[in-house]
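Student: Handing you a structure now.
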Amino acid sequence: MQPRDLSDHVAYEAGRGIEEVARELGRDPTEFVKLASNENPHGPSPAAAVAIRETASSVSSYPKSAHADLVRAIADRFGVDDQQIWLANGGDGAIDYLHRATLEPGDAVLTPTPGFAYYGMSARFHHGDDRAYSLERADDFEQTAAGVLESFDGERIVWVTSPHNPTGTTMALAEIERLAEETPAETLVVVDEAYGEFADRDSAVALIEGRAGYDARDDVAVLRTFSKAYGLAGLRLGYAIVPEEWAEAYTRVNTPFAASELACRAGLAAIDDDEHVERTVETARNSRDAMCDRLDAHVWPSEGNFVLVDVGNATAVSEALRERGVIVRNCSSFGLPDCLRITCGTEEETELAIETTNDVLADRAAGTGTRLGVTDE
Ligand SMILES: *Cc1c(COP(=O)(O)O)cnc(C)c1O
Numbered sequence: 000m001q002p003r004d005l006s007d008h009v010a011y012e013a014g015r016g017i018e019e020v021a022r023e024l025g026r027d028p029t030e031f032v033k034l035a036s037n038e039n040p041h042g043p044s045p046a047a048a049v050a051i052r053e054t055a056s057s058v059s060s061y062p063k064s065a066h067a068d069l070v071r072a073i074a075d076r077f078g079v080d081d082q083q084i085w086l087a088n089g090g091d092g093a094i095d096y097l098h099r100a101t102l103e104p105g106d107a108v109l110t111p112t113p114g115f116a117y118y119g120m121s122a123r124f125h126h127g128d129d130r131a132y133s134l135e136r137a138d139d140f141e142q143t144a145a146g147v148l149e150s151f152d153g154e155r156i157v158w159v160t161s162p163h164n165p166t167g168t169t170m171a172l173a174e175i176e177r178l179a180e181e182t183p184a185e186t187l188v189v190v191d192e193a194y195g196e197f198a199d200r201d202s203a204v205a206l207i208e209g210r211a212g213y214d215a216r217d218d219v220a221v222l223r224t225f226s227k228a229y230g231l232a233g234l235r236l237g238y239a240i241v242p243e244e245w246a247e248a249y250t251r252v253n254t255p256f257a258a259s260e261l262a263c264r265a266g267l268a269a270i271d272d273d274e275h276v277e278r279t280v281e282t283a284r285n286s287r288d289a290m291c292d293r294l295d296a297h298v299w300p301s302e303g304n305f306v307l308v309d310v311g312n313a314t315a316v317s318e319a320l321r322e323r324g325v326i327v328r329n330c331s332s333f334g335l336p337d338c339l340r341i342t343c344g345t346e347e348e349t350e351l352a353i354e355t356t357n358d359v360l361a362d363r364a365a366g367t368g369t370r371l372g373v374t375d376e
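The C-terminal position of the sequence shown is numbered 376 in numbering that gives the first Met the number 0, with every residue numbered one higher than the one before it.
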């Protein structure tokens, strides 16, 4: 007895944690800072942490009213109906739900490259195909409708990541509208706004609801998460915002209680903690400005809580950084073997990342592997 043919499936490569890296190098975890997974350097909202502690004694019940209350709070925030909020186990869970709701066997999705690996993985889990459109480095990974349409071939879903991971670019709402307009009515354009809070842009919910001068559409959906700006990555809480016409499909595709009682209670507390989100966004802006200004390498402008940096050899530089206590994301797995993605940290962490990266780059330029003058090989 064997599982089905999984040869098309690959494991998700997550950024490695401090404990893992410290153990491997035989060092103390306190010697490291991790700027590899776009986590919140201020931790969770303190109000969410309180809610988690207070909920501990009631986790024997299934999450029913907490789920309904959180859906209501999110719907209020975006000015949509409750049924339009598809709460899920992380943004990744919401990606699964959208595929479950749309893909027939053999249908395809169109995803950006470089880009977020889970879109294609999830499509394949749901017996769909994954095809790619390119964001061109020569155009600084600019995101336009025309750039996507060049590769469009009748896919059921087009994934747009705005702000984009790992490049930090966004797609203007007018371009997203054009993309939805110029693809068939049966094609859903999903705008993944996992980093939406960090960008100076309106949410694509404006296209669903027909606001800000746009006509209301039933072929655009939005994805959001509590993992990034809200600092709740470990709890797994995210959601899709879908057109009214789609609302009823949720009850037919969701995994019962996938958003846990703890997650829903924490989300309810976090969504009202504007101060924590504002502080987080301000920290990210300062950090990415500092990295743009002061890293001795090309840094692409970013609207997320990370920057993409051209360091020449991502594997060598990320390993040298790790030796010196700074864990960043090697973008080889994104098809960018010369780039690192560095998460925006606190002021102190950002300073450390800038100084250490510049030291490593200077040593490499001088042909020396470490500050002690040991050669590269
Ligand atoms: C982080 C991220 C998500 C969702 O992450 P979850 O932790 O599952 O909520 C979705 N899309 C992109 C592009 C991301 O970077």
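Glycine included, every Cβ here is placed at the ideal spot set by N, Cα and C.
#1: Whole angstroms are fine: how far does the CA of threonine 367 sit from the CA of threonine 224?
#2: Give the list of continuous alpha helix (DSSP H) stretches no shorter than 4 residues that lie fully inside the segment 18-91.
#3: Is serine 56 near ligand 1 - that is, is its Cβ less than 7 Å away from at least one heavy atom of it?
#4: With DSSP as the reference, label aspartate 218 as helix, strand or coil.
#5: Taking the alpha carbon of tyrosine 194 as the reference point, which residue from His125, Asp218 and Asn164 has its own alpha carbon closest?
#6: How about serine 259: is its Cβ closer than 7 Å to a heavy atom in ligand 1?
#7: Quick check for students: name the residue ranges of the alpha helix (DSSP H) that lie wholly in the segment 229-288, counting only runs of 4 or more.
#8: Let me check understanding here. Comparing Cα to Cα, which of Asn312, Cys338 and Asp199 lies closest to glutamate 281?
#9: According to DSSP, simplified to helix, strand and coil, what is leucine 307?
#10: Given the structure, does asparagine 304 come close to ligand 1, in the sense that its CB is under 7 Å from one of the ligand's heavy atoms?
#11: At a threshold of 7 Å, does lysine 33 count as lining ligand 1 (C-beta to nearest heavy atom)?
#12: From this set, Ala215, Asp295, Ser301 and Gly303, which residue's C-alpha is nearest threonine 355's C-alpha?
#13: Do the segment 262-271 and the segment 131-139 meet, that is, are 3 or more Cβ pairs less than 8 Å apart?
#14: Can you name the start and end residues of the alpha helix (DSSP H) that threonine 355 belongs to?
#15: Cβ-heavy atom distance between lysine 63 and ligand 1 below 7 Å?
#16: Indicate the three-state DSSP secondary structure (helix, strand or coil) for threonine 374 in the structure shown.
#17: Indicate the three-state DSSP secondary structure (helix, strand or coil) for leucine 294 in the structure shown.
#18: So within the segment 177-222, which uninterrupted alpha helix (DSSP H) runs reach at least 4 residues, ignoring any that extend past its ends?
#19: Using the DSSP secondary-structure output, state which residues sit across from aspartate 129 in a beta bridge.
#20: By Cβ distance, which residues of its chain are closer than 7 Å to alanine 93, with the 5 residues on each side in sequence left out?
#21: Please report the straight-line C-alpha distance between alanine 67 and leucine 172, rounded to a whole angstrom.
#22: Does DSSP put cysteine 330 in a helix, a strand or coil?
#23: Let me check understanding here. Comparing Cα to Cα, which of Val9, Phe305 and Gly42 lies closest to leucine 231?
#24: Could you tell me the alpha carbon to alpha carbon distance between glutamate 244 and arginine 216, rounded to whole angstroms?
#25: Quick check on methionine 290: buried or exposed, where buried means 16 or more other Cβ atoms within 10 Å of its Cβ?
#26: Taking 6 Å as the limit between beta carbons, can you name the residues of its chain near asparagine 357, skipping five residues before and five after?
#27: Rounded to the nearest angstrom, what separates proline 183 and aspartate 201 at their Cα positions?
#28: So for leucine 148, helix, strand or coil by DSSP?
#29: Under the rule that 16 or more other beta-carbon atoms within 10 Å means buried, what is threonine 374, buried or exposed?
Tutor: In short:
#1: Going by C-alpha positions, threonine 224 is about 42 Å away from threonine 367.
#2: Correct list: 45-54 and 64-77.
#3: The beta carbon of serine 56 sits no closer than 7 Å to any heavy atom of ligand 1.
#4: Here aspartate 218 sits in coil by DSSP.
#5: Answer by Cα proximity: Asn164.
#6: Here the distance from the Cβ of serine 259 to the nearest heavy atom of ligand 1 is not below 7 Å.
#7: Note on the segment 229-288: whole alpha helix (DSSP H) runs with a minimum of 4 residues are 249-252 and 260-270, in chain order.
#8: With respect to the C-alpha of glutamate 281, the residue from Asn312, Cys338 and Asp199 having the closest C-alpha is Asp199.
#9: In the structure shown, leucine 307 sits in a strand (DSSP, three-state: E or B).
#10: False, no ligand heavy atom lies under 7 Å from that Cβ.
#11: Not under cutoff, so the answer is no.
#12: Ranking Ala215, Asp295, Ser301 and Gly303 by CA distance to the CA of threonine 355 puts Asp295 first.
#13: Counting C-beta pairs with one atom in each stretch, the segment 262-271 and the segment 131-139 have fewer than three that are closer than 8 Å, which means they do not touch.
#14: For threonine 355, the enclosing alpha helix (DSSP H) covers residues 346-364.
#15: Every heavy atom of ligand 1 is 7 Å or more from the Cβ of lysine 63, so no.
#16: Residue placement at threonine 374 is poorly supported in this model, since its pLDDT is 42, which falls under 50; the coordinates still yield a value, given next. The DSSP-derived three-state label of threonine 374 is strand.
#17: Leucine 294: coil per DSSP, three-state reduction.
#18: Taken in chain order, the complete alpha helix (DSSP H) segments of 4 residues or longer contained in the segment 177-222 are 204-208.
#19: DSSP, once it has assigned bridges, lists Val108 as partnering aspartate 129.
#20: Same-chain partners within the cutoff: Trp85, Ala87, Leu222, Gly237, Tyr238 and Ala239.
#21: Taken atom to atom, the span from the alpha-carbon of alanine 67 to that of leucine 172 is near 30 Å.
#22: DSSP places cysteine 330 in helix when its eight states are reduced to three.
#23: When each option's Cα is compared against that of leucine 231, the closest is Gly42.
#24: Glutamate 244 and arginine 216: Cα-Cα distance of roughly 10 Å.
#25: Burial check for methionine 290: the Cβ neighbour count within 10 Å reaches 16 or more, so the residue is buried.
#26: Once the five neighbours on either side are set aside, the close Cβ partners of asparagine 357 are Asp295.
#27: One C-alpha to the other measures close to 24 Å.
#28: Three-state DSSP puts leucine 148 in a helix.
#29: The predicted position of threonine 374 is uncertain, since its pLDDT is 42 and thus under 50; no value can be drawn from it.
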